[in-house]
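Enquirer: Sharing a structure with you now.
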Amino acid sequence: SAVISQKPSRDICQRGTSLTIQCQVDSQVTMMFWYRQQPGQSLTLIATANQGSEATYESGFVIDKFPISRPNLTFSTLTVSNMSPEDSSIYLCSVGETQYFGPGTRLLVL
Amino acid sequence: AQSVAQPEDQVNVAEGNPLTVKCTYSVSGNPYLFWYVQYPNRGLQFLLKYITGDNLVKGSYGFEAEFNKSQTSFHLKKPSALVSDSALYFCAVRDLNYGGSQGNLIFGKGTKLSVKP
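Note that the protein sequences, when read in sequence, are chains A and B. Per our numbering, the first sequence starts with residue 1, numbered consecutively. Per our numbering, the second sequence starts with residue 111, numbered consecutively.
See below:
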């Protein structure tokens, strides 16, 4: 199984600012996925990040709000831009056929 | 459309009793099915998956799940519940018609399992 780390583990941010979340994997993977888990809710896919190509966003998520980078096969970042309180969620990255998950980034926007 | 249903928001079980957490799915192609567990303030931990082969899948911490194609179900079971099993359980499906074996997962809304001593 892949070992996945995320930074930061949690943050409290002000409305209108942006936060970049990092996801690091201990092995090379083709596809990385970014999910959002709003309070008390299930997981919703934000986008799929392939190395060397543009991320593919799900309905309701746009690149301007959630820009993603995938510079190599072990690393990806997700930026939450121009944040509002509605963006308060846990953000998780996952990889692999089994989709092992990172520990998540808990974001609170005030 | 792909979907996963977990009909119970919460399941209450006494320690030592068997437990079942229900999951049904809807996909257009063949499914890959998964169960994950989430402890408070933690990420998701993989429990088990069904891809092909034996319909009864055994996973971590003594959990197992049975794939039933005719009923489109993948219920999670454990013969004897522990208090430490109390957590949030998510069922998920991957539709092989969308993205193949590397496609994303569709998650159910989760079932809170509470095991009392």
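Ideal placement from N, C-alpha and C gives every residue a C-beta, glycine not left out. Source: prediction; values computed, not measured.
Decide if T221 of chain B is buried, meaning its Cβ has at least 16 other Cβ atoms within 10 Å, or exposed.
Expert: Numbered from its first residue, the second sequence carries residue 221 of chain B at position 111. Label assigned to T221 of chain B: buried.
Enquirer: Between D195 of chain B and L223 of chain B, how many whole angstroms is the CB-CB distance? I'm expecting something under 8 Å.
Expert: The residue you call residue 195 of chain B lines up with position 85 of the second sequence. The residue you call residue 223 of chain B lines up with position 113 of the second sequence. Right, the Cβ-Cβ distance comes to about 6 Å (below 8 Å), so this counts as a contact.
Enquirer: Quick check on K179 of chain B: buried or exposed, where buried means 16 or more other Cβ atoms within 10 Å of its Cβ?
Expert: Translated into positions along the second sequence, residue 179 of chain B becomes position 69. So K179 of chain B ends up on the exposed side.
Enquirer: Would F101 of chain A count as contacting chain B if we go by Cβ distances under 8 Å?
Expert: As a position in the first sequence, residue 101 of chain A is number 101, starting the count at 1. It does: the Cβ of F101 of chain A has a partner Cβ on chain B nearer than 8 Å.
Enquirer: Note the first and the last residue of the continuous beta strand (DSSP E) segment covering E174 of chain B.
Expert: As a working mapping, residue 174 of chain B is identified with position 64 in the second sequence. That run of the beta strand (DSSP E) goes E174 to N178.
Enquirer: Taking just the CA atoms, how far does G104 of chain A sit from E174 of chain B?
Expert: In the second sequence, counting from the first residue as 1, residue 174 of chain B sits at position 64. In the first sequence, counting from the first residue as 1, residue 104 of chain A sits at position 104. Cα-Cα distance, rounded: 26 Å.
Enquirer: Taking Cβ to Cβ, would you say E58 of chain A is nearer than 8 Å to L45 of chain A?
Expert: Sequence index remark: in the first sequence, residue 58 of chain A carries index 58 (1-based). Sequence index remark: in the first sequence, residue 45 of chain A carries index 45 (1-based). Closer than 8 Å, so yes.
Enquirer: Using the Cα positions of D26 of chain A and G60 of chain A, report the straight-line distance between them to the nearest angstrom.
Expert: The residue given as residue 26 of chain A occupies position 26 in the first sequence. The residue given as residue 60 of chain A occupies position 60 in the first sequence. Going from the Cα of D26 of chain A to the Cα of G60 of chain A covers about 31 Å.
Enquirer: Can you find the residues in the same chain that come closer than 7 Å, C-beta to C-beta, to V193 of chain B, ignoring five residues on each side of it along the sequence?
Expert: In the second sequence, the residue the question calls residue 193 of chain B occupies position 83. Cβ neighbours of V193 of chain B beyond the five flanking positions: E125, V225 and P227.
Enquirer: Which two residues bound the contiguous beta strand (DSSP E) that contains D11 of chain A?
Expert: Taking the first sequence and counting its residues from 1, the one referred to as residue 11 of chain A is at position 11. In the DSSP assignment, D11 of chain A falls within the unbroken beta strand (DSSP E) covering R10 to C13.
Enquirer: Just reading off the beta strand (DSSP E) that F156 of chain B is part of, what are its end residues?
Expert: Position 46 of the second sequence, counting from 1, holds the residue named residue 156 of chain B. Counting along the chain, the beta strand (DSSP E) containing F156 of chain B begins and ends at L154 to Y160.
Enquirer: What are the partner residues of I68 of chain A, as DSSP defines its beta bridges?
Expert: For the purposes of this step, residue 68 of chain A is identified with residue 68 of the first sequence, where counting begins at 1. In the DSSP output, where bridge partners are listed per residue, I68 of chain A has A:L78.
Enquirer: For C115 of chain A, which of A:Y100, A:V80, A:L92 and A:L73 has the nearest alpha-carbon?
Expert: Chain A is shown from 1 up to 110; residue 115 of chain A falls before or after that span and cannot be answered.
Enquirer: Given that L206 of chain B touches chain A, what residues does it touch there, using C-beta distances under 7 Å?
Expert: One-based indexing of the second sequence puts residue 206 of chain B at position 96. By Cβ distance, chain A contributes nothing, its closest Cβ being about 11 Å from L206 of chain B, past 7 Å.
Enquirer: Would you say L154 of chain B faces chain A, with C-beta separation under 8 Å as the test?
Expert: Taking the first residue of the second sequence as 1, we reach residue 154 of chain B at position 44. Chain A, which has a Cβ nearer than 8 Å to the Cβ of L154 of chain B, makes this yes.
Enquirer: Have a look at S190 of chain B and A115 of chain B and give me their C-alpha separation to the nearest angstrom.
Expert: Working through the second sequence from its first residue, we reach residue 190 of chain B at position 80. Working through the second sequence from its first residue, we reach residue 115 of chain B at position 5. Distance between the alpha carbons of S190 of chain B and A115 of chain B: 24 Å.
Enquirer: Counting contacts by CB-CB distance shorter than 8 Å, is F33 of chain A in contact with chain B?
Expert: Locating residue 33 of chain A in the first sequence gives position 33, counting from the first residue. Cβ-Cβ to chain B under 8 Å: yes for F33 of chain A.
Enquirer: Looking only at its own chain, which residues have a Cβ that is under 8 Å from the Cβ of D11 of chain A, when we skip the five neighbours before and after it?
Expert: Within the first sequence, numbered from 1, the residue matching residue 11 of chain A stands at position 11. Short of 8 Å from the beta carbon of D11 of chain A, and not among the five residues preceding or following it, lie these beta carbons of its own chain, in chain order: L19, T105, R106, L107 and L108.
Enquirer: Just to confirm my understanding: we take K7 of chain A, look at its own chain, exclude 5 residues before and 5 after, and list those with CB closer than 6 Å. What are they?
Expert: Counting from 1 along the first sequence, the entry for residue 7 of chain A is found at position 7. If we look at K7 of chain A and ignore the five residues flanking it on each side, its Cβ neighbours are Q22.
Enquirer: Put D87 of chain A into one of helix, strand or coil per three-state DSSP.
Expert: Along the first sequence, one-based indexing puts residue 87 of chain A at 87. Helix, per DSSP.
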